Every structure is written in C-alpha cells, then in structure tokens.
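There are 2 protein chains.
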Amino acid sequence: MSDGYHHGNLRQALIDAGIKIINESGEDGLSLRKVAAACGVSHAAPYAHFKDKEELVEAIKASVNEQFMEELEQAAAGAKNAEGALINMGRSYVTFFVRNPDYFRFLFGSQNIIAHPRPDKRFKEDYPPFTLLKDTYQKYLKEKKLKKKKEEQELDVIRLWSSAHGLAAIACMPGVETSFDWEEKKIWAVLLR
Amino acid sequence: MSDGYHHGNLRQALIDAGIKIINESGEDGLSLRKVAAACGVSHAAPYAHFKDKEELVEAIKASVNEQFMEELEQAAAGAKNAEGALINMGRSYVTFFVRNPDYFRFLFGSQNIIAHPRPDKRFKEDYPPFTLLKDTYQKYLKEKKLKKKKEEQELDVIRLWSSAHGLAAIACMPGVETSFDWEEKKIWAVLLR
DNA sequence: CGCATATCTTGACAATGTAAAGATGTGCGG
DNA sequence: CCGCACATCTTTACATTGTCAAGATATGCG
Numbered sequence: 320m321s322d323g324y325h326h327g328n329l330r331q332a333l334i335d336a337g338i339k340i341i342n343e344s345g346e347d348g349l350s351l352r353k354v355a356a357a358c359g360v361s362h363a364a365p366y367a368h369f370k371d372k373e374e375l376v377e378a379i380k381a382s383v384n385e386q387f388m389e390e391l392e393q394a395a396a397g398a399k400n401a402e403g404a405l406i407n408m409g410r411s412y413v414t415f416f417v418r419n420p421d422y423f424r425f426l427f428g429s430q431n432i433i434a435h436p437r438p439d440k441r442f443k444e445d446y447p448p449f450t451l452l453k454d455t456y457q458k459y460l461k462e463k464k465l466k467k468k469k470e471e472q473e474l475d476v477i478r479l480w481s482s483a484h485g486l487a488a489i490a491c492m493p494g495v496e497t498s499f500d501w502e503e504k505k506i507w508a509v510l511l512r
Numbered sequence: 320m321s322d323g324y325h326h327g328n329l330r331q332a333l334i335d336a337g338i339k340i341i342n343e344s345g346e347d348g349l350s351l352r353k354v355a356a357a358c359g360v361s362h363a364a365p366y367a368h369f370k371d372k373e374e375l376v377e378a379i380k381a382s383v384n385e386q387f388m389e390e391l392e393q394a395a396a397g398a399k400n401a402e403g404a405l406i407n408m409g410r411s412y413v414t415f416f417v418r419n420p421d422y423f424r425f426l427f428g429s430q431n432i433i434a435h436p437r438p439d440k441r442f443k444e445d446y447p448p449f450t451l452l453k454d455t456y457q458k459y460l461k462e463k464k465l466k467k468k469k470e471e472q473e474l475d476v477i478r479l480w481s482s483a484h485g486l487a488a489i490a491c492m493p494g495v496e497t498s499f500d501w502e503e504k505k506i507w508a509v510l511l512r
C-alpha cells in the first residue's frame, strides 16, 4: 500500500522532508515543489494534505516546536527542585537554538510566529513552553515560600522568558559564535544574575 | 532631468518605496517588481542600482537601522547620566519595535540579520546600536566608579542587550498586545529589576 | 462487485527574480 | 558643437514557484 500511486503516509513524509530542507538550506530553500520532489511525488500532491504552503509550514513549525518542548520538559524534569528547573530550562532554551540556529529564525522569524496550538489564540496563553515556564515559576514560588502580587509575578515570568529568548536571539546571529562562545557556564552566568 | 527616461534618484526612491510596502504589507509583500512599479519604472530598472533583490533589501535594512539608531542616540542623549541613558535606551529599544513590529521581523527575522555596516563583520563589533550600548555601559561604570573584569563586563552588556531584545521580541509577537500592554512603566519595570 | 471518496498526476496560469539585448539620455574629450 | 563612452532604463525571455482545475488511480464500504 505504500508504493505506486498512493504513498502511505505522505503528510508526515512532507513534514519530515521540509525539516530536512530547512536544516540544509534554511527556510529560503523551502518550496512546495522541492518538498514534493523530495518525497518522490508530483508538485500538486501536497494539496491533498495541506490547503496552503502556509499550512505545511505551520505543520513543520508544530513539529519543531514539539521537539523544542520535549527538550524543555526534559531539562525541567532533570532538576532537583523548581529553581533548578528554571535554570535548566533557560539553558536548554539557548542551547537548543544554538545547536540549530535555522530553527530559531524559522520559528520566530516570520509573521505568524507560533502556530503550534492555534494561531488565533494568544501566545502567552497557548504556547506550551510558556505554560511550562509559568507552572515551574509557580512551583518555584511555593518552594521558596514567596508571596508576590499577580502583577509582579507576570513581570517575573516575562523577565525570565525575555532574557532567555533574547540570549538565544543574539547567540543565533551570524558572526557571533566566534567572538563569544556560548558554552554552558556563560549562558548560565547570563541567565542567572 | 527627473522625468522621462531618467528618474533622477531612483536608488533612494526604491528604498523609500520598499519601506512603505513593508509598513503596509510586511516583508512578504515586498517584491522587486512591485517596488519598481511603485516608482513608475520597469521591473528590471532596479538592476541598474542593485545587483540583487537581496542588495535592495539590505539597503532598506540599513535605512531602517539608521532610523532605529537615531532613536537610540536620542534616548541616550536625553538622560542626565549614563545610568539614565542605559534605561532610556532599553525603553526605546522596545518601544521602537512595539510601534512598528514589522520592522523587528524585517531586521532580525531573516538569515543575514544585520547587514548595516558590512555583512562580513561580526555583529557585536560592528552593529552601531551595540557599540552605543557598550560605550554607554563604560560611562556607567566610570560614573558609578565600579571596577569589573573584562569578562564580567561583557556578560553585563550581553545581559542588557538580550533582555531588551527579548522583551522586544515578545512584545512584537502577534496576539500579545491585548493581554499585556507594553506601556512605559511595565517596560521599565521589566528592564530595570 | 460497484461506487464514493481520498489521493495523486498532468497541465495550465500568474507572480516573481533574473539575465540578455537594445534603447535613451548624460556628460566629457575633442 | 560633435560624437562617443557610459549610466540608466526598457523590452523580451526564461526558470522557479504557488495555486488551481480536470482527470486518473487506488481504497474501502455498502
């Protein structure tokens, strides 16, 4: 059932091929026709599974986001307490994108930034990594027996997020890796304060 | 000399038209042919001034970067001391991109991030806003009579930059503006700690 | 078995980037 | 003033790409 006219699981194959192409030549190298060709299928075949090129791109983003989310969860799980989880997550946030800078631009570079769950939902309410951060932060507060106002809590979370995200952004910029290498200790030092 | 076959100053006109288009429809709406049409000129005319579409895009980026840099300089100049300059710059960094989110994606979203001075040069050595930040930070150290190791200084600068940049990135994400509005007080609170 | 449907192919079209060849104006040396 | 080199612009052409429509092919269900 997987040969000849019908592919078997073309949808996933297209997503995988898309990821491969992005890893090799960045998002610019990504075209519907190339993805189709990489799956040995005609140029219009993707339209049986995706309404748009955009819909394919969003599916690829979702896949990359899952991979990203897994690393974050693993980082959080590998800590002894909530504070350690926060630190680990921050480090993972940066190292994940340092390892594949194209992913950073792919996920955060275009218009509709994160379409993982639903594009119509707000980023801060619906983006799983952000939810994980908020939950971990809450555990951290309990752990340290800290009482803070809602507003202050939100600022804290934004602070954590933006420092990790900003650091990842800088680390992903071309021509940065040589003059400042992002080994773990330095990342840790920047994030921690 | 400005009518008929020769345009007068087509190069600048193309850049301006490009900026206008980006403001209206984002970078996706930007095509060489549209830019040319907006200047009332044939679709191949730009090739007399730019080798590539990319070269035009880089010129547009340079122009936007100049605008950005001006605002940062103004923000720094409007402070009484270096510490105030740092705070003002951080606030301006965010508000500039909050005012035009398309610029953020345009400047930092694509592959060759910042080609303002020369793409072959390193970001941290050659990007004017970064230089301004480093200088202001040095003044701040003198002002406060602080002595720090080179390494620690570099970390501080990265910290300042990445927190502002990360905050701008989050603020520019679609669907964020409603649930958390980036009025000056909040930006200030996030950046300052 | 036969049919509705999902899946895929083929062919076409418009938009785009780009190159080549030629037209047109500008300015400079004579 | 003339003519010529050069910059600028147009026209034409072509490859790539996203998208659509029409048709072919397989799959599963009654």
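If you read the sequences in order, they're chains V and Y. Counted the way this note's numbering counts, the first sequence spans residues 320 to 512. Counted the way this note's numbering counts, the second sequence spans residues 320 to 512. We treat Cβ as the ideally placed atom computed from N, Cα and C, and that holds for glycine. Keep in mind it's a predicted model, so treat the numbers as computed, not measured.
- Boundaries of the alpha helix (DSSP H) around A357(Y): 351 to 357.
- Secondary structure of S429(V) (DSSP, three-state): coil.
- Contact between L391(Y) and M408(Y) holds, since their C-beta atoms are separated by about 5 angstroms, short of 8 angstroms.
- Not a single CB atom of chain Y sits nearer than 8 angstroms to the CB of H362(V).
- Cβ proximity to chain V below 8 angstroms picks out nothing from the segment 371 to 383 of chain Y.
- Against chain V, a Cβ distance below 8 angstroms from S482(Y) picks out R478, S481, S482, G485.
- Spanning the alpha carbons of N384(V) and P448(V) requires a straight line of approximately 9 angstroms.
- Leaving aside the five residues that flank A363(V) on each side, none in its chain has a CB nearer than 7 angstroms to its CB.
- In this structure, the beta-carbon distance from L479(Y) to V413(Y) does not fall below 8 angstroms.
- For R352(V), the closest Cβ of chain Y is not nearer than 8 angstroms.
- In the structure shown, the three-state DSSP call for S411(V) is helix.
- Of all residues in the segment 391 to 415 of chain V, none comes within less than 9 angstroms of chain Y when Cβ atoms are compared.
- According to the DSSP assignment, Y459(V) belongs to the alpha helix (DSSP H) that extends over 447 to 463.
- With a contact defined as Cβ atoms closer than 8 angstroms, A381(V) and V354(V) miss out at about 16 angstroms.
- Per DSSP, reduced to three states, the secondary structure at A332(V) is helical.
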